[in-house]
Amino acid sequence: YSIKHSGKDITFIDTPGHAAFNKMRERGSKITDIVILVVAANDGVKPQTIESIRHIKNSKVPVVVAINKTDLPDVNLDIAKAGLAEHGLVITDYGGDIEAVEISALKGKGIDKLLETINLIAELQEITADPKAPLEAVVIESSKDAKKGVSATVIVKSGTLSLRQDIFSDVNDSGMVDGRVKRLTNANGENLKEVLPGFAAEIIGFKDVPNVGSVVK
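In case it helps, this note's numbering puts the sequence shown at residues 15 to 231.
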């Protein structure tokens, strides 16, 4: 889903924290520009946090730590921060270079600061994309439904994805998958005519189901 903050668009790919979603987090770390690592203040560093840190290091993309549930009583933030440092993510409070923002998703505390931090890192890292470049999008979800047919949710990395555009993904289990964009919708189910870099959309129009992680051109 996408939001606008201080006049800039930010698209989030939310991956579940449960251990069963390891592969999804690994794919997410490879296609994103900035990783937000969410750590619960009352739980600290858990096994799935350590696994996520490994993906972050492999992806070599900037990371922001969001320490959540700070509204709970008797939470010890230092335990979470020290646990991160033990696994190589040293935040600025501990003399490192990784920003950590204390938030409460329940109360909305610290969310504006988190969004400001994301925008600042994007600016410092000069994260940009050319909407006029050749299309390159990455499949983050795909399925086949009896009523809707084949659908694929993609995030556009460069270029512009347009309605009635001929597309193909590099591979699935049977080889290349092609099609033509019949419908584009955003996370709210609204129809789109085009999708610019940094935004996600669901495509209807592939002849077969493309693999998650495959590149669409």
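The C-beta atom is built at its ideal place from N, Cα and C for all residues, glycine as well.
If you draw a straight line from the Cα of residue 140 to the Cα of residue 162, it is about 39 Å long. Comparing C-alpha distances from residue 147 to each of 59, 62, 219 and 231 shows the shortest one belongs to 231.
Contact annotation, residue 78 with residue 142: C-beta distance approximately 19 Å; criterion of less than 8 Å not satisfied. Non-local C-beta neighbours of residue 56 in its own chain, meaning closer than 6 Å and more than five positions away in sequence, comprise 83, 86 and 89, ordered along the chain. Residue 176 holds the alpha-carbon nearest to the alpha-carbon of residue 219 among 176, 189 and 211. Considering only 51, 67, 210 and 200, the residue with the shortest C-alpha distance to residue 166 is 200.
The three-state reading of DSSP puts residue 107 in helix, counting H, G and I together. Taking the Cα of residue 75 as reference, the smallest distance to any Cα among 112, 92, 229 and 54 is reached at 112. Assignment of residue 21 by DSSP, reduced to helix, strand and coil, places it in the coil class. In the three-state scheme derived from DSSP, where H, G and I count as helix and E and B as strand, residue 219 is classed as strand. Sequence-distant partners of residue 191 (beyond 5 residues in either direction) whose C-beta falls short of 7 Å from its own C-beta, in its chain, are 182, 183, 220, 221, 222 and 224.
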